[in-house]
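Numbering-wise, numbering that gives the first Met the number 0 puts 25 at position 26 of the sequence shown, and it's gapless, one number per residue.
Here is the structure we will look at.
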Amino acid sequence: MRLTLAAATLALVAGSALPALAYDGTKCKAAGDCWEPKPGFPDRIAGTKYDPKHDPKELNKQSESIKAMEERNRKRVEAFKKTGKWEYDVNKIAAQ
């Protein structure tokens with residue numbers, strides 16, 4: 000029974016890997032660089048209708064939120080080292 004189950008599992012794994020082995024990579028620029036744009040899509044995006052023109056403030060939101068998260072975590076760790084009790088709510092830490 001175990002041998003049959005192992006053989007069936009091996010056949011399933013080998014069968015699922017065949018489509019990946021079938022790709023010959025003829026249109027790849029380099030190993031792993033096989034993306035091709037759709038017809039009519041420009042080589043350079045900047046200055047075209049596809050350019051998203053991101054606002055720098057929008058782009059910085061994530062880095063600002065990460066800095067705020069690290070600051071909250073620093074306060075939590077300091078409070079934990081002082082009291083020995085973990086407090087998730089930073090507002091409660093400030094009140095102590």
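Just so it is clear, CB atoms sit at the ideal spot from N, CA and C, and this is done for glycine as well.
Everything numeric in this text was worked out from a predicted model, so none of it was measured.
Anticipated Cβ contact below 8 Å, residue i with residue j, distance rounded
i	j	result
I65	A78	I65 to A78, Cβ: 21 Å. No contact.
Cutoff 6 Å; reference residue i; Cβ partners in own chain excluding five residues on either side
i	result
W85	F79
Own chain partners of residue i with C-beta closer than 8 Å, once the 5 adjacent residues on each side are dropped
i	result
F40	Y49
L4	none
Contacting residues, own chain, Cβ-Cβ under 7 Å from residue i (five flanking each side not counted)
i	result
K81	none
Would you list, in sequence order, the uninterrupted alpha helix (DSSP H) runs of no fewer than 4 residues that lie entirely inside the segment 40-95? 55-82 and 89-94
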